[in-house]
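If you count the sequence shown from 1, position 581 lands on 1232 in the numbering used here, and the numbers rise without skipping.
The beta carbon of each residue, even a glycine, is placed where N, CA and C say it ideally should be.
The structure appears below as structure tokens.
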Amino acid sequence: MYPNLLVPLLVTLGLAFAALVLVAVRQPVSRRLAFRQVARRRTEAALVIGGSMLGTAIVIGALVVGDTLNFSVRQEAYRTLGPVDERIVAPPGPTGRAVTERLAVLADDPDVDGVLSARATQASAVSGAADRRTAEPRVLAWQMDFGDASRFGSPGGDSGLGGPNPKPGQVVVNEPLARSLDLGTGDPITLYLFGTPGTYRVERVVPEQGLAGVGLGGRLNRDVFLPPGTLDAAARAAGAEPRSVTFVSNRGGVERGEALTDRVTSDIRHALGPLAGRTAIETPKQTVLRDARAAGDSLGALFLMIGSFSIIAGALLLVNIFVMLGEERKSQMGMVRAVGMKRSRLVGSFTLEGATYASLSALPGVGIGLAVGWGVAVVAAEIFQGWSVGGSSIRIAFAVTPTSILNGLALGLLIAFAAILATSVRISRFNIIAAIRDLPAAPGREPRRRLLVVSTALAVVCTLAAVPAVARSQPDATYLMPALALAFAAPALLRVLPRHTVTTSVAGAVLAWTLLAPVLRPRIFDAPSMSVYVIQGALAAFSAVVLVSDNQKTLLRPARRLLQRPTEGGLAARLAIAYPLAKRFRTGATLVMYTLIVFVLVLLTEISGILRAGVDGVVADATAGYSLRLDYNPQVAGDRLLSGIRSGPSAARISAVTPLLNATGQATDPGHRGPRPLDTAVVGVPDGAITGITFRERLPGLADDAAVWRALAADPRYVVLDAFFGSTGGPAGDYYDPGATLTLRDPRTGRSEQKVIAGVLSNGLVFYPATGASSTTYPVVMSEQGTRELFGAQAQNASALVRTGPGTSPDALATRLQGEQLSASLVATPIESDIRRQFDSSTAFFRLMQGFLALGLGVGITGLGVVMVRAVRERRRTIGILRALGFRARTVQRSFLWESTFVAVEGIVLGSLLGVLTTWLMYSNSAAFEGLEGGFPVEWTSILALAAATFVASLLATIGPARRAAAIRPALAVRVTE
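This is the structure in structure tokens:
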């Protein structure tokens, strides 16, 4: 993923390594100090390597997820399309034959290495004996010459279809159709061609590859290949005409031919001449590969956004470790500074040491990242099955590119280097005499003049930048600029106010702004980027932890009587809180790790709960009482199908049938996200037939939902869309409003009209094609009159909505109707079941992200364990003195366990509160939650289970250090520092 970032990241990493090599060469004393510590401090080395390793692993895991989806969709395109780069679909009749003749000249085009003509129609099929029959209403029947098909594409390539033509009375089927009907070689199959049944025998089953997997726009195609002349004969007998389809293969083979698509498409239009306006010229491979890139980038960015919180936690772990190492080596650093070592060389020594740890973590981090990506791919494969339409889900195959590994490796190392350098600069600032004597540093009241001037100037700049950003509701800047202005103003405030007052006021103001920004500027979520969620979460966690850390004594007042008890337990409790209160920075860094990860886990848990609570409302909004969507072959059914359903055997189970007019079109993006036309499924609704489906937004002047439908019927300029029109994944936004315009075009005639959006549907699922169409085909709903005026003969009744009678099961009725109308290739989709299945898959996807984020929780727990391990070493002499004064080992062990409990519980509670509150504010103000009317549930059970698991894991991470502290021998500890 992100090949555009590869060179900048590698160049930056190269410069960083060059700087480190220069320091190592020019500062031999710093080098020897650094490498001596690496060899001597093996426990610390393992801890730092673990922190760096997890950060790299999380970055690589997120990028591998994007690679996997991108590769899976691309391989699906290469497998199912093979050498097919362009597909020209002509209308039945003389026009189709003329199109085929005109395209024959492409065989001499130097950019083309294959032209294949075929005939096709939608059919249905039945297999098995009378008592155990299996039906498949979604079948594509093809008539093509197998000899021409085997030679289609680049010389020596595999077209996917070859061998002799099937003999009369026999057919060739592909694997998806064979699986659907449980067919094998020699089995009988009954095909309904143009509504007339005919029985054939399966000659062979071919893999779904190349020409054996092609279709007319669906992701999964169940194909049957007929003997020469069979389809034409069936069409003549029925007084119909099959479609003429021409496939074109570009020079360059299966994978490289797509690069010539634009040039070959231009040649096709030139060859067709005036017939180009009456023919659909499609570029399936280019479209699928473009969508694959967009989907892979979107999913990878989503996981990288979720992983960002874990990466921040990993960076804080490194910072915490180095701060503790600096505290431990304070006397040593004071001595080397006293004998003349410059501060810059001390920084160089620490940076070299940390860079060594980070470099050693690189390869293990890559390995863990690949394992994480593989695990996500395995789980995602199951989830995508739940999102499939008619079995047309993507087959997820694990894949990784060198670009992603290098990007993840470089980014992980650079993050580690930056954290180590910043920490090294911080810990190198100390008073030499105080360091030698191991005295605590006394913070000065007033900041230095240079810092004061620079920070004040930055505060003014950020304030000036914040005003237009907030006024325009720019997502990232609305959060970041006011927070930075407040932070930079702190040094100036310290000149006039006490440090505690300034810290509390600034942290409280940043936290308040982070929580209230969506309320005051709700449009910041209209066009969200992934980064806005990272900024929001990080600001909330950091500001809340600073606020709590600076007011710990106030928060502990209710427990004062417990702490002051003159018992062994009271003594252990006082010892447990003394160290966290004295070491605010390292305690705060550990708290941030816990708060960040628990915050996001709770947020994802709450979003899953909102989805579950809102599914009933979504079903009601989407269906307006309709239970089934019917899709059928208009060539066979005509107008007879719906009248047959109304008066047929299942009529008593049906209360209403509403026909829908269908056409395929292209539209500009009303959200102006790109210039590329969007594929649309145009749906014409009968006047006054649909008034119960609701809208989240309406054109001003339209008082209610029924008024929108009346306006749609009265004025053909009006259309309605759903909120996902033009969406390619990622967080939902609000890119267009009623009143916005788009240009709708008939690709076959080239005729176009400007349309006005009269309303945005609360849920438009019933208008999406239900037979495996592309995931980037979006419905445009308009009146029947407007649809016929723009699309003419292309507009046909090919679908309908059905209301079931009282006590009728939609699933049972769907099966019954498909059996009754099999000859018309009718597909009946139970709307409620489909919506609930997709919601279940969405909930499973959130669980997958929670599992990915659990790595960050591991970082936080590791951070707590690191603090406790270092605390045992740092307080060795103190523990020895306490034991010598009569403290029992059990009291020491209990104090360490309670200390970790104090930090873990505080982080869990803080993260949980922030997660629930932030989700509620997003639910109340973000467009992403519009249409979910189930209320805001607090998922107490899941949150408590998460808190309990985190708490237990934290205790387990602390048991070892607590036992080691209790086992310290007093006499040895008092006499020896290590």
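1. Along the chain, where does the beta strand (DSSP E) that runs through Leu1372 open and close?
2. Three-state secondary structure (DSSP) at Tyr1574?
3. Over the uninterrupted alpha helix (DSSP H) stretch that includes Met1500, give me the two end residues.
4. Hey, quick one: how far does the beta strand (DSSP E) through Val790 stretch, first residue to last?
5. Leaving out the 5 sequence neighbours to the left and right, which residues in its chain are closer than 7 Å to Leu1222 when beta-carbon positions are compared?
6. Can you give the Cα-Cα distance for Tyr1130 and Ile962, rounded to whole angstroms?
7. The alpha helix (DSSP H) with Thr841 in it runs from where to where?
8. Taking DSSP as the reference, what is the three-state secondary structure of Glu854?
9. With distances taken between CB atoms, is the gap from Leu1329 to Ala1318 smaller than 9 Å?
10. Taking Pro1231 and Phe1553 to be in contact with their CB atoms under 8 Å, please state how far apart those CB atoms are, rounded to whole angstroms.
11. Answer with buried or exposed for Val1308, where buried requires no fewer than 16 other C-beta atoms within 10 angstroms of its C-beta.
12. Note down, in chain order, each residue of its chain lying with its Cβ closer than 6 Å to the Cβ of Gly861, except the 5 sequence neighbours on either side.
13. On the criterion of 16 or more Cβ atoms from any shown chain inside 10 Å, does Thr1205 qualify as buried, or is it exposed?
14. Would you mind listing the beta strand (DSSP E) stretches within the region 799-841 that are 3+ residues and don't spill past its ends, in chain order?
15. Helix or strand or just coil, what does DSSP make of Arg1454?
16. Give the DSSP-derived three-state secondary structure of Met986 in the structure shown.
17. Could you please give the first and the last residue of the uninterrupted beta strand (DSSP E) stretch that includes Met992?
18. To the nearest angstrom, report how far apart Arg1545 and Ile1619 are at their CA atoms.
19. Is the Cβ of Leu1166 closer than 9 Å to any Cβ of chain C?
20. If the criterion is Cβ atoms closer than 9 Å, does the pair Val857 and Ala776 meet it?
21. To which residues of the same chain is Val790 closer than 8 Å at the C-beta, ignoring the five residues directly before and after it?
22. Is it buried or exposed, Gln794, if we count other Cβ atoms within 10 angstroms and call 16 or more buried?
23. Going by other Cβ atoms of all chains shown within 10 Å of its Cβ, with 16 needed for buried, is Arg1631 buried or exposed?
24. Pull up the CB-CB distance for Ser1278 and Arg1454, whole angstroms please, since I reckon it's below 8 Å.
25. Could you check the C-alpha separation between Val766 and Val1185 for me, to the nearest Å?
26. Where in the region 1180-1248 do unbroken runs of the alpha helix (DSSP H), each at least 4 residues long, occur, reported from the N-terminal end onward?
27. Could you have a look at Asp1282 and say whether DSSP puts it in helix, strand or coil?
28. Exposed or buried, which one is Ser917 when buried takes at least 16 other CB atoms within 10 Å?
29. In the DSSP assignment, what are the bridge partners of Pro848?
30. Mapping DSSP to helix, strand and coil, what is Val1147?
31. In this structure, how does DSSP classify Thr1428 when only helix, strand and coil are distinguished?
32. Going by C-alpha distance, which of Ser1156, Arg1297, Thr1392 is nearest Gly1322?
33. Taking all protein chains shown into account, do 16 or more other C-beta atoms lie within 10 angstroms of the C-beta of Pro1119, making it buried, or fewer, making it exposed?
34. Please confirm whether Val1270 and Glu1483 have their CB atoms less than 9 Å apart.
35. Starting from Gln1469 and walking both ways along the alpha helix (DSSP H), at which residues does that stretch end?
36. Could you tell me whether the Cβ atoms of Ala1168 and Thr1246 are closer together than 9 Å?
To lay it out plainly:
1. 1369-1373
2. helix
3. 1482-1525
4. 785-794
5. Thr1542
6. 20 Å
7. Element bounds for Thr841: not the alpha helix (DSSP H) but the beta strand (DSSP E), 839-844.
8. strand
9. yes
10. 6 Å
11. buried
12. Gly733, Ser810, Gly811
13. exposed
14. 821-825
15. strand
16. helix
17. Neither: Met992 is in no beta strand (DSSP E) and is coded neither H nor E.
18. 14 Å
19. Although the question refers to chain C, the structure presented lacks it and comprises just one protein chain.
20. no
21. Gln773, Ala774, Ser775, Ala776, Leu828, Leu842, Arg873, Asp874, Val875, Ser1476
22. buried
23. This structure cannot settle anything about residue 1631, because the visible part of the chain is limited to 652 through 1629.
24. 6 Å
25. 51 Å
26. 1181-1200, 1203-1206, 1211-1214, 1219-1233
27. strand
28. exposed
29. Tyr843
30. coil
31. strand
32. Thr1392
33. exposed
34. yes
35. 1461-1471
36. no
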